[in-house]
Each structure stands twice: as C-alpha cells, then as structure tokens.
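Using our numbering, read the sequence shown as starting at 3 and increasing by one per residue. As structure tokens, the structure follows; a few thoughts come after it.
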Amino acid sequence: MESVPKDRPNALPVSQASNEHRPLEEKSIESISFRTDSTKPVNFREADATKVREVQQNGVSRIEAFSRLFGRTHPVAITLYFCILAVSVAFSLDQSTTAAYDVYATGAFNRQSYIGTIEIVEAIIVAVSKPFIAKICDVFSRQTAYILILVSYVIGYIVVATSTSAAALCVGRVISSTGQSGFDLITDIIVGDLSPLQWRGFTSAMTSFPFLFLPFVGSKIQASLCTGNTDECWRWGFGMFCIIAPVLVSPIIITLFYADRQAKKAGELSFAASRLEAKKAQEAQTMQVQRSSLNNRFTTFGRLLDEIDIIGLLLLALGFALILLPFSLARDADGGWSNRSMIAMIVCGFVILGLFIIWDVKYANYPLLNKRVWHNKTFISAVIIDIFYMVSGNVRSTYYTTWVYVIKPWNNYEWGNFVAITTVTLTLFGLLAGLYHRIFHRYKALQLFGLSLRVLALGLTYWAVGSNASAAALVFSQLLNGMGGAMSVVGTRVASQASVPHQDLASIISQLALWTRLGSSVGSAISSSMYTNTYRANLLREGLTAEQATIFYGSGTKARAQFAWGSETREAGIRAFTKTIRPMFLTALCLSVIPLLAGLVMPNYYLGRTQNVVDGTTNGGAVIDEFQNERHRGNDGAVDRVDHQQSWLQRQWQKR
C-alpha cells in the first residue's frame with residue numbers, strides 16, 4: 003500500500019495507540035492501528051465497548067472534529083452554546099404551556115379522559131422514535147437530525163391547531179411530541195459530546211435553565227389567552243410554536259453546518275479523522291474516501307434501518323400499544339372489558355412482545371438487547387431507576403393538575419404557577435446537583451438522597467387530600483418531588499453516559515429514553531384505567547345526575563365554569579374526584595421505593611476530565627491519563643487506580 007502523497011493537506015487523526023496528534027503525511031494508512039481484526043466485521047450482537055469504538059461513525063467523528071478544531075473558548079464554540087440555549091428556550095416555553103393547553107383542548111371536545119390516551123400513545127411513539135433519531139445523529143450528523151425533528155414538530159402543531167375533532171388532536175399531539183422530545187434528545191447528545199464528565203451534570207442541567215423563569219411567563223401567556231375563552235385559546239397556544247421553533251432552532255443548524263465546513267477545510271473530516279472511514283479505506287486498499295452515489299445512499303438508508311433494529315422497534319411499539327391502550331379505551335368501548343376486542347388486544351400485545359424478544363435475541367443484526375448494553379450494570383441500574391421513576395411519576399401526575407384545578411378556587415394564573423413548581427424545582431436542583439458532581443466528582447450519595455426525598459414527596463401527596471389538601475401541603479409536595487427528581491435524574495444521566503465509549507453515547511441516551519418513556523406509558527395506562535373505570539361511578543354515588551357526571555368526567559374546565567365554588571354539586575364532584583385519584587397516589591408511593599433499591603447497586607464512577615470512563619479520551623478523541631496527579635500515586639510511584647475509583651467512605655474504612 004502506498005503512503006500518503008506529500009502534497010496532501012494535513013489532517014489530524016487521533017492515534018489509537020497514543021494521545022499524540024500527528025500530521026497524516028507522516029503516516030501511511032497501515033500505521034493506524036485497529037485492535038479488531040479488519041478482515042472480520044464487528045459482531046454488534048456480541049461486541050463489547052472496546053470493539054465498537056473501532057467503528058466510530060460519521061456523526062461522532064464530525065462532533066469530535068468540532069472539539070479538536072474549536073475547543074471550548076473559540077467564538078464558534080461560544081456561538082454554539084448560545085444556540086443550544088435558544089433551542090432550550092423553545093423547548094422550555096413549549097413544556098411550560100402545552101400541558102395546560104392539553105386540558106383546555108380535550109375539554110373543548112368533551113374528551114378529558116383522552117388525556118391519558120394521548121399520553122400513552124405519545125410515550126410509545128416518542129420512545130421508539132428516539133433510537134431512530136440517535137442513529138440519524140451518528141450515521142449522518144447532529145444538524146441533520148435537528149432538521150428532521152423541526153419539520154415533524156411544525157407539522158404536528160399545524161395539525162393540532164387546525165384540528166376539528168379529538169382524533170385529529172391526538173394525531174397532531176403524537177407527531178408534535180416526536181419533535182418535542184427530539185429536540186431534548188439531540189441537545190442532550192450534543193452536551194454529552196462537548197462536556198467532560200466532571201461538568202456533564204451541570205451542563206446538562208443548564209439546558210433546562212430557561213425553566214427557572216419561563217414557566218411563570220408561560221402561566222401569564224396561557225392565562226391571558228385562555229381567561230374566558232378556554233374553548234378556542236389552545237389553538238393559538240399550540241400554533242404560535244410553528245413560528246417560534248423555526249426561529250430559535252435554525253441558528254444551531256446553521257452553526258453546525260458552518261463548523262463542518264471549517265473542519266473539512268482544516269482536514270479534520272478527512273477519512274483518517276473517522277475510524278470507520280479509515281477502516282473502510284484499509285479494507286478496500288485505497289487512500290480515497292468512497293463518494294456516495296445514489297445507490298450507495300439507498301444502501302446507507304437500508305443500513306440505517308438495520309442499525310436501529312427497525313423490525314424490533316416496530317414489534318416493541320405495537321406490543322406495548324396493544325397491551326396498554328385497552329386500559330384507557332375499555333370504559334368507552336361497547337360492553338367495557340367484556341368486549342372481546344379489549345382482551346384480544348392485550349393477548350396479541352403479549353404475543354408480539356414475545357416475538358420481539360425472539361427476533362432480538364436470535365435474528366437482529368443490531369439488537370436493542372445487545373451484549374454491551376445489557377451486560378452493562380450501570381445501564382441496567384439506570385433503566386430500573388428511570389422506568390419506575392416514570393411509572394410512579396405518571397401514575398401520580400397524569401390527572402393530578404386537573405384534580406387540583408377542580409378542588410381549588412385558584413384562577414388560571416395561580417393554577418399555572420402551581421403546575422410550574424415541579425419544573426422550576428427540577429431545574430434549580432438539577433443545576434445544584436451538577437455543581438455537586440463538579441466539586442465532589444461523585445454522584446451516588448446525592449442520587450440516593452434524592453430518591454429518598456421523592457418517596458417522602460409521594461407520601462405527602464397521598465396524605466394531602468380532603469381536609470389536608472391545603473395550599474401549603476400541595477405546594478410542598480410539589481417542591482419535594484422536584485428536588486428529589488432532579489438529584490436522581492442528573493445522577494442517572496451522568497452515570498449511564500460515563501459507562502460507554504463516545505460511539506455509543508447517542509445510542510445509550512436514546513435507549514435509556516426508550517425504556518423510560520415506555521415506563522411512562524405504563525404509568526399513564528395505570529392512571530387512565532383508574533380514572534375511566536372509577537370516576538364516573540364515584541360521581542353517580544355522590545348523588546350527581548348523569549348529565550352533571552358527564553360534565554365533570556368530560557371536562558374539569560367546564561365543571562369549574564358551570565358549578566360555583568362551595569356549591570353542593572361542586573363539593574360532590576370534588577369528593578368523587580378525590581376518591582378516584584387517591585388510589586393513584588398510593589400506587590405511585592409503593593412504586594417509588596423500587597428506584598431507591600436499584601440506586602443502592604448503582605456504580606459510583608469518578609467524574610473527571612474524560613468524555614467517558616471506558617476509553618479514557620477527551621471530547622476531541624485524544625487519550626489522556628485521568629490519574630496523572632501525584633496525589634493519586636502510591637509509595638512505589640504506580641497509579642493507584644482502584645483506590646481512586648472508590649468513594650471517600652470506602653477509603654476511610656480501609657485505612658482502619
């Protein structure tokens with residue numbers, strides 16, 4: 003094989019064997035070492051993290067080139083930070099207002115029970131879309147994924163704002179939620195790309211910084227739009243994001259495309275800058291990167307579908323949908339649970355989940371249940387924590403704000419501020435948790451404390467009903483829930499990302515999101531089933547007429563408008579709603595103990611300057627020794643790596 007021509011522009015690949023950057027003309031392609039056998043394709047079913055790192059994909063190489071070329075203080079890097087903030091503002095304003103619009107929109111169609119159905123379908127569709135979005139990030143680029151998500155988001159809200167039926171509303175919300183969660187996912191991936199572990203928690207929490215003030219702005223917006231006009235205001239509320247999102251998201255797309263162009267000019271995106279392209283060149287015995295023809299692009303798209311395990315994702319989504327949707331739909335179906343279609347859906351759902359397991363274990367080339375993910379103790383712990391965090395959270399929260407809207411005489415602005423408490427608390431204590439990680443370089447103790455707080459919060463929620471449902475008790479339960487959630491979520495996020503090489507970052511973020519969103523769909527299904535199967539009966543038991551019961555069951559906003567505070571009808575409706583929702587609170591409390599138990603076995607990685615703890619590289623791909631500091635060396639001068647990975651308490655115990 004010939005060496006690189008001397009007139010070729012310099013490129014700065016990262017050597018596999020050292021952390022030195024060497025000009026490409028000093029090395030032939032043969033000098034780039036690969037620890038795996040280049041004549042054999044990597045078996046992604048059995049591959050561990052080390053082998054997978056040898057086939058780093060284009061999107062990962064592009065973002066590593068950004069870190070090498072611009073660092074953290076270059077004007078382009080600073081511009082990117084502000085662009086990330088702009089995306090966060092768009093996402094935060096959406097999250098701060100649309101939950102209220104959902105209540106108004108479903109109430110306008112007399113379909114308040116659809117809130118649970120919408121959340122189930124949203125959670126399932128959003129969950130299975132995340133691996134696809136993550137793979138777009140890896141195979142193509144982060145900015146390409148942003149473009150696709152922006153289009154989905156805008157189309158979804160156009161459908162919602164112009165909907166003339168509850169069915170159209172549901173379809174639009176599902177489409178828009180895919181875009182909504184996509185912004186969150188891609189932003190998390192980019193933050194993980196650019197930040198070292200010691201700052202990962204803080205920088206991730208910084209993307210939620212707008213939540214500190216936007217929920218109160220959002221309360222003002224929705225109150226001004228909807229006071230006296232709850233039947234139509236939600237159309238403007240959803241529709242305005244068709245303008246806001248493109249304006250705030252476009253800058254990050256432009257910045258990333260510009261950075262790519264500059265990286266190409268500097269040689270940072272040559273084939274040697276990508277381990278995958280270098281491996282292809284080595285196997286093809288050529289120094290040229292193969293240009294994509296139309297056929298190659300179709301092949302790439304087919305490979306993309308294979309890599310995201312499209313068949314497995316579809317089986318998983320269909321299985322969960324068939325199992326969970328009957329819990330929301332049975333009450334309104336002819337004959338209820340005696341309707342054979344409800345039972346058939348559940349049976350088919352479990353059969354399809356069985357087919358999913360068989361497919362993924364036996365036949366998928368890139369299974370969701372691959373070895374390096376499901377043999378990863380950290381990831382398994384994170385999945386258990388987050389699944390049951392979301393199940394318990396959604397069992398509590400799906401109808402919680404609607405219940406508060408009915409039982410309290412608060413105006414729309416006051417109610418909006420109450421809804422915002424959890425979001426603001428999650429943001430504030432997420433930032434504080436990130437600073438804790440930076441100072442102490444650990445996360446486990448804080449995470450366990452947060453999970454304990456959350457159990458306390460759900461216990462208070464269960465207690466604060468009826469005569470105990472004072473404003474102080476309701477607000478304090480929201481505060482504790484937000485504090486505990488922040489400490490847990492930031493810890494889980496950092497731990498799971500630390501446990502994989504950079505190539506697997508997008509995949510691990512999306513897979514964690516996949517399983518936690520499916521967990522949220524289970525929580526929504528549980529609460530929706532309780533609501534649809536007990537609320538109307540409780541209303542009738544309290545002496546309401548069938549017409550009055552239909553109003554309360556279909557729309558809390560209309561019930562508030564028609565039945566004055568303190569009236570016998572309103573009080574009867576409140577008692578019925580409380581009898582319906584309190585079992586949800588008890589269920590959530592019991593489930594919240596499981597994340598605390600899982601947190602006890604979560605590893606406690608040292609959070610240092612590396613991008614992850616697997617391959618010891620910086621965000622630009624250069625290898626560094628995290629343990630060079632003399633205070634981590636033993637008496638013989640050797641680095642005491644084991645001691646450094648232990649907690650302060652463990653080291654003190656061993657000194658005894």
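Glycine is no exception: its CB is placed at the ideal position from the N, C-alpha and C atoms. Remember, predicted model here, so these are calculated numbers, not experimental data.
Query: For the alpha helix (DSSP H) that contains residue 100, what are its first and last residues?; Result: 77-110
Query: At a cut of 8 Å, does the segment 188-201 reach the segment 419-430 through at least three beta carbon pairs?; Result: no
Query: Residue 619 by DSSP, collapsed to three states: which one?; Result: strand
Query: Are there 16 or more other CB atoms within 10 angstroms of the CB of residue 549, so buried, or fewer, so exposed?; Result: exposed
Query: Note down, in chain order, each residue of its chain lying with its Cβ closer than 7 Å to the Cβ of residue 467, except the 5 sequence neighbours on either side.; Result: 580, 584
Query: What does the Cβ neighbour count give for residue 153, buried or exposed, with the cut at 16 atoms within 10 Å?; Result: exposed
Query: For a minimum of 4 consecutive residues, which ranges assigned as the alpha helix (DSSP H) are wholly contained in the segment 374-452?; Result: 379-399, 402-409, 414-442
Query: Are the Cβ atoms of residue 409 and residue 604 separated by less than 9 Å?; Result: no
Query: Could you check whether residue 582 and residue 540 sit closer than 9 Å to each other, using their CB atoms as the reference points?; Result: yes
Query: Where residue 234 and residue 618 are concerned, what is the direct C-alpha to C-alpha distance, given to the nearest angstrom?; Result: 55 Å
Query: I'd like the list of long-range same chain contacts for residue 73, defined as Cβ closer than 7 Å, with 5 residues on each side in sequence excluded.; Result: 79
Query: Report yes if the CB atom of residue 610 is closer than 9 Å to the CB atom of residue 504, and no otherwise.; Result: no
Query: Mind checking whether residue 342 and residue 529 have CB atoms under 9 Å apart?; Result: no
Query: What three-state label does DSSP hand residue 558 in the structure shown?; Result: helix
Query: Round the Cβ separation of residue 445 and residue 597 to the nearest angstrom and send it over; I've been treating them as touching at under 8 Å.; Result: Their Cβ separation, rounded to whole angstroms, is 14 Å, which puts residue 445 and residue 597 out of contact at 8 Å.
Query: Could you pull out every residue in the same chain whose Cβ sits closer than 6 Å to the Cβ of residue 85, ignoring the five residues on either side in sequence?; Result: 253, 254, 257
Query: How is residue 546 classed by DSSP in three states: helix, strand or coil?; Result: coil
Query: DSSP three-state call for residue 535: helix, strand or coil?; Result: helix
Query: DSSP state of residue 664, grouped into three classes?; Result: Outside the displayed span of the chain (3 to 658) sits residue 664, for which this structure offers no information.
Query: In chain order, which continuous runs of the beta strand (DSSP E) of length 3 or greater are located wholly inside the segment 181-208?; Result: none
Query: In three-state DSSP terms, what is residue 353?; Result: helix
Query: Spatial neighbours of residue 464 within its chain, please: CB distance less than 6 Å, with the 5 preceding and 5 following residues excluded, ordered by chain position.; Result: 587, 588, 591
Query: Under three-state DSSP, which class holds residue 142?; Result: coil
Query: At least one CB of chain C closer than 9 Å to the CB of residue 448: is that the case?; Result: The chain inventory of the structure shown lacks chain C, comprising one protein chain alone.
Query: For residue 415, collect the residues of the same chain with a Cβ closer than 6 Å to its Cβ; drop the 5 residues on either side in sequence, then sort them by chain order.; Result: 221, 225
Query: Could you tell me the distance, in whole angstroms, from the CA atom of residue 239 to the CA atom of residue 103?; Result: 7 Å
Query: So what does DSSP say about residue 314, is it helix, strand or coil?; Result: helix
Query: Could you tell me which uninterrupted alpha helix (DSSP H) segments, each at least 4 residues in length, are contained entirely in the segment 456-519, listed from first to last along the chain?; Result: 473-500
Query: In angstroms with no decimal places, state the Cα-to-Cα distance between residue 98 and residue 419.; Result: 10 Å
Query: In this structure, how does DSSP classify residue 540 when only helix, strand and coil are distinguished?; Result: helix
Query: With a threshold of 8 Å on Cβ separation, who are the neighbours of residue 461 within its own chain once the five nearest residues in sequence on each side are excluded?; Result: 591
Query: Just the Cα atoms here: how many angstroms apart are residue 175 and residue 93?; Result: 15 Å
Query: So is residue 559 buried or exposed if we call it buried at 16+ other beta carbons inside 10 Å?; Result: buried
Query: So the candidates are 502, 455, 518; which of them puts its Cα closest to the Cα of residue 396?; Result: 518
Query: Does residue 309 come out as helix, strand or coil in the three-state DSSP assignment?; Result: helix
Query: Which residue marks the beginning of the alpha helix (DSSP H) containing residue 341, and which one marks its end?; Result: No alpha helix (DSSP H) holds residue 341; DSSP gives it neither H nor E.
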